[in-house]
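*Asks:* In terms of the working numbering, the sequence shown has 102 at position 102, counting the first letter as 1, and numbering is strictly consecutive.
Ideal placement from N, C-alpha and C gives every residue a C-beta, glycine not left out.
Here it is, the structure in full.
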Amino acid sequence: MVNHAKSIEDRDERNKAAETIILVMGSMNPPLKESRDYKHKLWDHLQIISGFDLDIDSPYETPPKEVLFAKPERMPYPKKKIRYMHYGKMAELMLEKAKAMEEGDMKDMYVKHVANHMKLSFMTWNKNSVPDNFIFKAVETMSNGELTVKPGTTLFDFKEPVVQPQNSGRKKKGGKRTR
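Here's what the structure looks like:
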């Protein structure tokens with residue numbers, strides 16, 4: 001369709017053909033209509049499909065080829081070392097936030113939630129049960145002794161190790177997967 005539109009010499013007819021192509025493109029991908037600027041995307045796609053040489057009166061400015069196909073700038077890799085990999089960087093950041101909080105019930109509750117997160121992270125990586133006292137000691141160690149979990153606190157009891165779901169393998173008879 002685009003090649004045919006490119007071959008039309010009359011500009012008005014070419015514009016009508018482009019509008020028809022846009023209607024067809026929109027009908028082929030109905031979920032796209034839910035996005036805010038779907039018409040603009042369709043006109044951009046039409047220009048990309050045509051190789052940017054379809055001379056039409058688009059309601060939107062044609063994006064420059066260089067901008068569309070430019071490589072993104074390289075993201076710097078974080079060089080900060082994570083002291084306890086099995087708890088993750090988020091646990092360290094949450095403990096830093098807890099150290100900055102005012103003393104009181106909110107801080108105690110926040111530290112308890114961080115400890116629960118740490119227990120879950122520990123069990124995800126180690127696949128073993130871990131006693132609460134071990135996590136409480138880790139909170140104290142990771143916060144350089146500035147934070148402690150309130151005495152008498154109990155953490156969630158995760159009955160089984162937390163394992164990431166794997167979606168590999170084919171189903172056998174009986175619904176079990178093979179690896």
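For the segment 102-154, which segments carrying the alpha helix (DSSP H) assignment without a break, of at least 4 residues, lie completely within its bounds, in sequence order?
*Replies:* Segments of the alpha helix (DSSP H) lying fully in the segment 102-154: 105-126 and 132-142.
*Asks:* Quick one: any contact between the segment 142-152 and the segment 120-131, if contact means 3 or more CB pairs under 8 Å?
*Replies:* Result no; under three Cβ-Cβ pairs closer than 8 Å.
*Asks:* What would DSSP say about residue 70, mapped onto helix, strand or coil?
*Replies:* The sequence position of residue 70 within the sequence shown is 70, counting from 1. Reduced to three states, the DSSP call for residue 70 is coil.
*Asks:* Could you name the residues of the same chain whose beta carbon sits closer than 8 Å to that of residue 52, not counting the 5 residues immediately before and after it, in chain order?
*Replies:* For this step, residue 52 is matched to residue 52 along the sequence shown. Same-chain partners within the cutoff: 62 and 65.
*Asks:* Which residues bound the alpha helix (DSSP H) around residue 20?
*Replies:* Along the sequence shown, read from residue 1 onward, the residue named residue 20 stands at position 20. Counting along the chain, the alpha helix (DSSP H) containing residue 20 begins and ends at 11-28.
*Asks:* When burial is assigned at 16 or more other CB atoms within 10 Å of the CB, is residue 3 buried or exposed?
*Replies:* Reading the sequence shown from its first residue, position 3 is the one you call residue 3. Counting Cβ neighbours within 10 Å, residue 3 comes out exposed, since fewer than 16 surround it.
*Asks:* Counting Cβ pairs, one atom from each stretch, are 3 or more of them under 8 Å apart for the segment 9-22 and the segment 38-58?
*Replies:* A contact exists between the segment 9-22 and the segment 38-58.
*Asks:* Using a threshold of 7 Å, state whether the C-beta atoms of residue 152 and residue 121 are closer than that.
*Replies:* Looking up residue 152 in the sequence shown gives position 152. Looking up residue 121 in the sequence shown gives position 121. In this structure, residue 121 does not lie closer than 7 Å to residue 152 by Cβ.
*Asks:* When you compare each of 39, 125, 96 and 123 to residue 141 by their alpha carbons, which one comes out closest?
*Replies:* Mapped onto the sequence shown, residue 141 falls at position 141. Here the closest residue by C-alpha is 96.
*Asks:* Hey, quick one: how far does the alpha helix (DSSP H) through residue 48 stretch, first residue to last?
*Replies:* Within the sequence shown, residue 48 is the residue found at index 48, counting from 1. Start and end: 38-49.
*Asks:* Verify whether the separation of the beta carbon atoms of residue 5 and residue 14 is less than 7 Å.
*Replies:* For the purposes of this step, residue 5 is identified with residue 5 of the sequence shown, where counting begins at 1. For the purposes of this step, residue 14 is identified with residue 14 of the sequence shown, where counting begins at 1. Yes, they are a contact pair.
*Asks:* Exposed or buried, residue 91, counting other C-beta atoms within 10 Å across all chains shown (16 or more means buried)?
*Replies:* Reading the sequence shown from its first residue, position 91 is the one you call residue 91. Looking at its Cβ environment, which holds 16 or more other Cβ atoms inside 10 Å, residue 91 is buried.
*Asks:* Considering only residues of the same chain and omitting the five flanking positions on each side of residue 94, which have a CB-CB separation below 6 Å?
*Replies:* Against the sequence shown, residue 94 aligns to sequence position 94. Excluding residues within five positions, the ones whose Cβ falls inside 6 Å are 114.
*Asks:* Distance, Cα to Cα, residue 156 vs residue 85?
*Replies:* Position 156 of the sequence shown, counting from 1, holds the residue named residue 156. Position 85 of the sequence shown, counting from 1, holds the residue named residue 85. Taking the straight line from one Cα to the other gives about 21 Å.
*Asks:* Hey, how far is the Cα of residue 179 from the Cα of residue 111?
*Replies:* In the sequence shown, the residue the question calls residue 179 occupies position 179. In the sequence shown, the residue the question calls residue 111 occupies position 111. Interpretation of residue 179 is limited by its pLDDT of 49, a score under 50 that renders its predicted location unreliable; no figure is taken from the coordinates.
*Asks:* Check each candidate in 41, 76 and 103 and name the one with the smallest Cα separation from residue 22.
*Replies:* On the sequence shown, residue 22 is found 22 positions in, with the first residue counted as 1. Of the listed residues, the one whose Cα sits closest to residue 22 is 41.
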